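A.B. asks: Protein chains in written order, with our numbering: chain A, 1334 to 1994; chain B, 6 to 106; chain C, 45 to 245.
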Amino acid sequence: MQNSHFFVTGDPMIYGADVSIALVSVAIIFYLTYFKKWGWLWREWITTVDHKKIGIMYLISALLMLFRGGVDAILMRIQLAVPNSHFLASEHYNEIFTTHGTIMILFMAMPFMFALFNIVVPLQIGARDVAYPFLNSVSFWLFFLGAMLFNISFVVGGSPNAGWLSYPPLSENDFSPGPGQNFWIWGIQISGIGSLMTGINFVVTILKMRTPTMRLRDMPLFSWSVLSSSIAILGVFPILTVTLVMLTIDRLLGGHFFTMTAGGNPMMWVNLIWMWGHPEVYIVVLPAFGVYSEVVATFSRKRIFGYSSMVFSMIAISVVSYYTWVHHFFTMGAGANVNIVFAICTMIIAIPTGVKVFNWLFTMYRGRIRITQPMLWVMAFVPCFLVGGATGVMLAAAPADYQYHNSYFLIAHFHQVLIGGVVFGYIAGMYYWFPKIFGFKLNERLGKWGFWLWQIGFYVCFMPQYALGFMGMTRRIYTYNDSMGWDMGWAPLNYISTIGAFLMGIGFIFQVWQILYSIKHGERDVTGDIWDGRTLEWSIPSPAPAYNFAILPVVKGRDAWWYQKEEMQKGNVHKEAVKYEPIHMPNNTGIPFIMSVFWFIAGFGFTFEWMWMGIAGLIGVALTLFARSFQYNTDHYIPVEEIEKTEKARKNYGSVHRTAN
Amino acid sequence: MSNHEHTANMKAYTTGFALSIILTIIPIILVLNHLLSKTALVVSILLAAVLQFVVQLFFFMHIRDGEGPRYNVMALILGIIFVVTIVAGAIWIMSFNSQVQ
Amino acid sequence: MQQSISAHVSDHTQGHEDQEGIKLLGFWIFLVTDCLLFATFFAAYAVLHTHTNGGFTASEFNVPNFIIETFILLISSFTSGIAVLNMHKGNKKGLTQWLIVTAVLGAVFVGLEVKEFMDMAAEGATLSQSAFLTSFFSLVGAHGLHVSFGIFWMIGILVQLSRRGITPVTKRKISMVSLYWHFLDAVWIFIFSVVYLMGVM
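Take a look at the structure:
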């Protein structure tokens, strides 16, 4: 690799981005040095094993990646707004749709989801931490450095351009030589290993770390959704890992899994990647379902309707989602029998999803609904997801799919379920639990601006795309000529769609503004129970102390905190003198970060096919694993005096607090 | 999974070991002496493999150990379902492959 | 303001009684996901094993070699079990010896596998010759890497064992590595049956 090829050159936009990245980096380094924050950063964040802090880091990363993926989207929409556009070169357009898809699913949705896992689950089940705090930190840093590895492809080596799932033979050496495609492989590989560990972590956390009195059937629905999502993670992420290894073997060692020569079979890749890829979308949507269930119950001031059917449908989704993957390639020609089975399974999975929608509606029915920010997003979700689901059933009809396949109809469909289902859910979750993590509420007025811009923008952007699909516009085309634009009517619809994309972009800016504004001016949460919540996380102060619960809570049924508050109001609860005991907590450790840096080095080496560097990185990973195995002093106890001190400072919490109704 | 009531003892290990050896030798003999037709051979090889897997689960890995909900058994059953889905699904879906080769 | 663990040796500390058990459950779940990893390699092998590109075919495997490999791994699985039995009896010396025997058998297994691969490569049957060979080397190689990793892991645990003796922590680690070892033998049963026996039949 020559130096002149190492840095990406050519496009003035890239130079502009290079300069701004350099400036931001310098600014951050200057800030950290000038205010002597390096030690703080290391002690409080990089080495932390506290699930709440790890959750915050996930959240920040997810929002940054949402920005990057959003900019990609806007660039694509600008390019497509008018016929014969020369805003982006075709090569550049390919790179942008590749990075947009990859970033939005793997580096935005996944970390956003893990942010909610980390922030909420231990608090909701009355645990003091996750089952494996060390592993949790490893997961985060693997995700973060994997995402960084993927993102630096923008300035060094060149971006991948074979699509977000990089089908061979296009993604093989013959057609995509060089580091771009390798960046895609290694960025996903490294963060994917982290995701698998998170899956194991949360399955065990939920099964084993619940406060002893909480039975599984009393567990809040968000935690159930995390359990079902994590089970699906365990089922499919190993497949992703191996599939990526196979492509690596093809590219790095001259293998023939997916090549066109020597007996390789590119369709095997399509088969394997969708075995992961389809359940993956259910993995990201299930926790969103969990958020809706929590929010809808809290703000309707009612118990969730049909708790058992909710649990059952989530578990059903996480298992049935394993049997639908072929609907992504009905057109491959696997034969009628194969297509029929998978078409039917795809339609079956709509049933539990429909059950859930009815349950949310019935929960709202005759509830005392408060229209708060989280609730707004839930109410916007229902119709949006309904349309997305209905178009999904259309796509599931195998014969008809030959018509919709790879058209803009498909694009509109999956954006409708992924934005309307996943993003709306995560944003609702962020608004809902924001006071719990940071101790203040996000400003309502700015939030409403953001909300309406998102809503209007969404429909303006994606409704025309359904029509464009029927009019023959296929995905991934980088431009279209005048006759398609005007005679076939693509241009006006594309133009409208672009306006919608900008509206959503402005909505996002409002949300960023909202967060920055609220840091200073947001309503402070002094009670720990700002929404008059129902589940355990609202029974402790906001933000929660390091050990979460001074005394492990006693749970007598569902909506434990709600009924505890009722008892307290009736005066049935006698304040007994509490006797604290020392709390066992894990020590901070720098090993996860160092290990992930070695993974980054290995990934970078293999990306540029510098084997010495790749192998050196892997040896570093092995050495850090050994170092950890020899560490025995990994935990400490928080002494009783310290707990008493912390709890006294929070006298207010736990007092019955009811908003007027 | 925990330290209560181990089924681990020398007798269990030796039994498991002996059964494993037998279940390894049977298919070797069948294959090397071409004793069966092709389909019957494939079925017997797979059967011996699955039996040996079960033997090792019980005699070596002590799947029955532990108390309370058997999460390890549940995980294993789910894992087996997924394994079968991956392998059988791939073979079935990619069977069009033999027609285009 | 941190106190060391030793100050609370006998304390029950709510919710944390069974930390080692929780770790063992997590490791078990990890092994299940590792099964899926091998399943994916198996799926690729099953689909691609006829795609020999006119070269080396599955009927040409070295029969004595893979039979010896199989028995060596099976015996090592047995010896790792004996090691665990010694651990439960509190016999540190027996435990150490049987773990060393297990690791040595593992090393012999890996050595035989490397020799097999080298012999095949010498005949021109390399990973890049055909889709069949790519999937074969990947599947069997992935297993071999797992075994190699297990050997290094055992060495690490042996060092800890000699320094600290049989404690709840080393006990858990030995249970894990032995479980891992049994698991690798179980995976090998299927490689032996599906790849080798069905290959040469």
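Using N, Cα and C, we set each Cβ at its ideal position, and we do this for glycine too. A quick note: this is a predicted structure, and the numbers were derived from the prediction, not measured.
#1: Look up T1979 (chain A) in the DSSP assignment and say whether it is helix, strand or coil.
#2: Which residues in chain A have a C-beta closer than 7 Å to the C-beta of H190 (chain C)? List them in chain order.
#3: Any idea if I1916 (chain A) is buried or exposed, counting beta-carbon neighbours within 10 angstroms, 16 or more meaning buried?
#4: I'd like to know whether the C-beta of T1979 (chain A) is nearer than 8 Å to at least one C-beta of chain C.
#5: Are A1422 (chain A) and N1827 (chain A) close, meaning C-beta to C-beta below 8 Å?
#6: Between the stretch 1460-1489 of chain A and chain C, which residues of the former have CB atoms less than 9 Å from a CB of the latter, in chain order?
#7: Check whether the Cβ atoms of L1482 (chain A) and F1430 (chain A) sit closer than 8 Å, and answer yes or no.
#8: Here's a check: name, in chain order, each residue in its chain whose Cβ is nearer than 7 Å to the Cβ of T20 (chain B), leaving out the five neighbours to either side.
#9: Go to D1583 (chain A), then tell me how far its alpha helix (DSSP H) extends in each direction, as first and last residue.
#10: Could you confirm whether any beta carbon from chain B is found closer than 8 Å to the beta carbon of Y1735 (chain A)?
#11: Residues bridged to D1968 (chain A) by DSSP?
#12: Taking all protein chains shown into account, decide if W197 (chain C) is buried (16 or more other Cβ within 10 angstroms of its Cβ) or exposed.
#13: Does the beta-carbon of W1693 (chain A) have 16 or more other beta-carbons within 10 angstroms, so that it is buried, or is it exposed?
#14: In the DSSP assignment, the alpha helix (DSSP H) including S1528 (chain A) goes from what residue to what residue?
#15: Roughly how many angstroms lie between the CA atoms of E1974 (chain A) and S1358 (chain A), to the nearest whole one?
#16: Along the chain, where does the alpha helix (DSSP H) containing M1946 (chain A) start, and where does it finish?
#17: Is the separation between the beta-carbon of Q1788 (chain A) and that of A1713 (chain A) shorter than 8 Å?
#18: Do you know how far the Cα of M1680 (chain A) is from the Cα of V1715 (chain A)?
#19: Closer than 8 Å by C-beta to S1403 (chain A): which residues in its own chain qualify, once you throw out the five before and the five after it? Chain order, please.
#20: In whole angstroms, what is the alpha-carbon distance linking L177 (chain C) and F1400 (chain A)?
#21: Rounded to whole angstroms, what's the CA-CA distance from T1992 (chain A) to D1865 (chain A)? Just pull it up for me.
#22: Excluding the five sequence neighbours on either side, which residues of its own chain have a C-beta within less than 8 Å of the C-beta of G1938 (chain A), listed in chain order?
#23: For W1519 (chain A), tell me which candidate among A:P1620, A:M1643, A:V1575, A:F1959 has the shortest Cα-Cα distance.
#24: Run down chain B in chain order and give the residues with a C-beta less than 7 Å from the C-beta of N1604 (chain A).
#25: Which term fits I82 (chain B), buried or exposed, when burial requires 16 or more other beta carbons within 10 angstroms of its beta carbon?
#26: Within the continuous alpha helix (DSSP H) that includes D62 (chain C), where are the two ends?
#27: Does the stretch 181-190 of chain C come close enough to the stretch 135-151 of chain C to have 3 or more Cβ pairs within less than 8 Å?
#28: Nearest to P1732 (chain A) by CA position, among A:V1671, A:K1769, A:K1370, A:D1383, is which residue?
#29: In the structure shown, what three-state DSSP assignment does S1740 (chain A) receive?
#30: So what does DSSP say about R1401 (chain A), is it helix, strand or coil?
#31: If we call anything under 8 Å between Cβ atoms a contact, is T1812 (chain A) one with S1492 (chain A)?
#32: Got a sec: which bits of the stretch 106-124 of chain C sit with their beta carbon under 9 Å from any beta carbon on chain B, in order along the chain?
#33: Quick check on the burial criterion: 16 or more other C-beta atoms within 10 angstroms. Buried or exposed for F236 (chain C)?
#34: For a contact defined as C-beta to C-beta under 9 Å, what are the partners of H1384 (chain A) on chain C?
#35: Just to confirm before moving on: does the CB-CB distance between S1561 (chain A) and M1647 (chain A) stay below 8 Å?
#36: Any C-beta of chain A sitting closer than 8 Å to the C-beta of I91 (chain B)?
C.D. replies: Walking through what the data contain:
#1: If DSSP states are grouped into helix, strand and coil, T1979 (chain A) belongs with the helices.
#2: Result: empty, since nearest Cβ-Cβ is about 13 Å, beyond 7 Å.
#3: In summary, I1916 (chain A) is buried, with 16 or more beta-carbon neighbours lying within 10 Å of its beta-carbon over all protein chains present.
#4: Taking Cβ atoms only, chain C never reaches closer than 8 Å to T1979 (chain A), which makes this a no.
#5: If you check the CB distance, A1422 (chain A) and N1827 (chain A) do not come in under 8 Å.
#6: So the list reads A1460, R1461, A1464, Y1465, L1468, given in the order they occur along the chain.
#7: No; because the gap between Cβ atoms is not below 8 Å, this pair is not in contact.
#8: Excluding residues up to 5 positions away in sequence, F64 lie with their Cβ nearer than 7 Å to the Cβ of T20 (chain B) in the same chain.
#9: Segment 1554-1586, the alpha helix (DSSP H) holding D1583 (chain A).
#10: No, Y1735 (chain A) lies away from the interface with chain B (no Cβ there is under 8 Å from its Cβ).
#11: DSSP lists A:P1919 as the beta-bridge partner residues of D1968 (chain A).
#12: So W197 (chain C) ends up on the buried side.
#13: With a threshold of 16 other beta carbon atoms within 10 Å, W1693 (chain A) meets it and is buried.
#14: Counting along the chain, the alpha helix (DSSP H) containing S1528 (chain A) begins and ends at 1512-1541.
#15: Rounded to whole angstroms, E1974 (chain A) to S1358 (chain A) spans 42 Å at the Cα level.
#16: That run of the alpha helix (DSSP H) goes 1944-1962.
#17: Contact: yes.
#18: Spanning the alpha carbons of V1715 (chain A) and M1680 (chain A) requires a straight line of approximately 19 Å.
#19: This sequence places Gly at residue 1403 (chain A); Ser is not what is there. Around G1403 (chain A), the same chain offers M1837, G1838, F1841 as residues with beta carbons nearer than 8 Å, after the five sequence neighbours per side are excluded.
#20: For L177 (chain C) and F1400 (chain A), the distance between alpha carbons rounds to 44 Å.
#21: Note that T1992 (chain A) scores 41 on pLDDT, short of 50, meaning its location in the model is unreliable; the coordinates nonetheless yield the value given after this. About 7 Å.
#22: Correct list, in chain order: M1944, W1945, M1946, G1947, I1948, A1949, G1950.
#23: The candidate whose alpha carbon is nearest that of W1519 (chain A) is A:V1575.
#24: What N1604 (chain A) touches in chain B: A95, I98, M99.
#25: Exposed, because fewer than 16 other Cβ atoms sit within 10 Å of the Cβ of I82 (chain B).
#26: Counting along the chain, D62 (chain C) falls outside any alpha helix (DSSP H), and DSSP gives it neither H nor E.
#27: No, the stretch 181-190 of chain C is not in contact with the stretch 135-151 of chain C.
#28: Ranked by how close their Cα comes to the Cα of P1732 (chain A), the residues A:V1671, A:K1769, A:K1370, A:D1383 have A:V1671 in first place.
#29: Strand, per DSSP.
#30: DSSP places R1401 (chain A) in helix when its eight states are reduced to three.
#31: No, these two residues do not count as a Cβ contact at 8 Å.
#32: Identification of residues in the stretch 106-124 of chain C having a C-beta nearer than 9 Å to some C-beta of chain B yields V107, I111, T114, F115, L118, I119, S121, F122, S124, given in sequence order.
#33: It is buried - the Cβ of F236 (chain C) has at least 16 other Cβ atoms within 10 Å.
#34: Ordered by position in chain C, no residue passes the 9 Å Cβ test against H1384 (chain A), which lies about 15 Å from the chain.
#35: Cβ distance < 8 Å, so S1561 (chain A) and M1647 (chain A) count as in contact.
#36: At least one chain A Cβ lies under 8 Å of I91 (chain B).
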